[in-house]
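Enquirer: Got a structure here, written out as structure tokens. Questions coming.
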Amino acid sequence: MPPTARVIGAAGRQCQWIEGDPGGDDSCKCLRVTIRGSNWCPAHRARVYLPPEIAELRFGPLPGLLARRTAP
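So the mapping is simple: our numbering equals the position in the sequence shown, first residue as 1, plus 356.
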């Protein structure tokens with residue numbers, strides 16, 4: 357198999373969350389079944405995506421969030 361080829365199982369619906377040091381294979385990835393349209397399983401998706409209000413509390417003002425709140 358060429359070095360750029362990838363084997364994707366479960367119709368490509370495997371969690372891509374990386375734990376530890378990424379190597380040339382998928383041994384460091386979670387590989388659980390993902391939510392449709394996502395690259396992560398439900399547990400890791402919850403860590404990746406924060407609701408805007410929570411993200412703002414943790415990281416400060418988010419560009420564009422105020423504009424969405426005040427738009428007519």
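Ideal placement from N, C-alpha and C gives every residue a C-beta, glycine not left out.
What separation, rounded to the nearest whole angstrom, lies between the Cα atoms of K385 and R392?
Expert: Residue 385 sits at position 29 when you count from the first residue of the sequence shown. Residue 392 sits at position 36 when you count from the first residue of the sequence shown. Distance between the alpha carbons of K385 and R392 is about 18 angstroms.
Enquirer: Just to confirm the assignment: which complete alpha helix (DSSP H) runs, minimum length 4, are found wholly within the stretch 369-425?
Expert: If we require 4 residues or more, the alpha helix (DSSP H) runs fully inside the stretch 369-425 come out as 398-404, 408-415.
Enquirer: Taking the alpha-carbon of T390 as reference, which of L406, S383, D377, W373 has the nearest alpha-carbon?
Expert: Reading the sequence shown from its first residue, position 34 is the one you call residue 390. With distances taken between Cα atoms, T390 lies closest to W373.
Enquirer: Can you tell which of Y405, R388, V404, R403 has the C-alpha that lies nearest to the C-alpha of C397?
Expert: As a working note, residue 397 is residue 41 in the sequence shown. C397 has its Cα closest to that of R388, out of Y405, R388, V404, R403.
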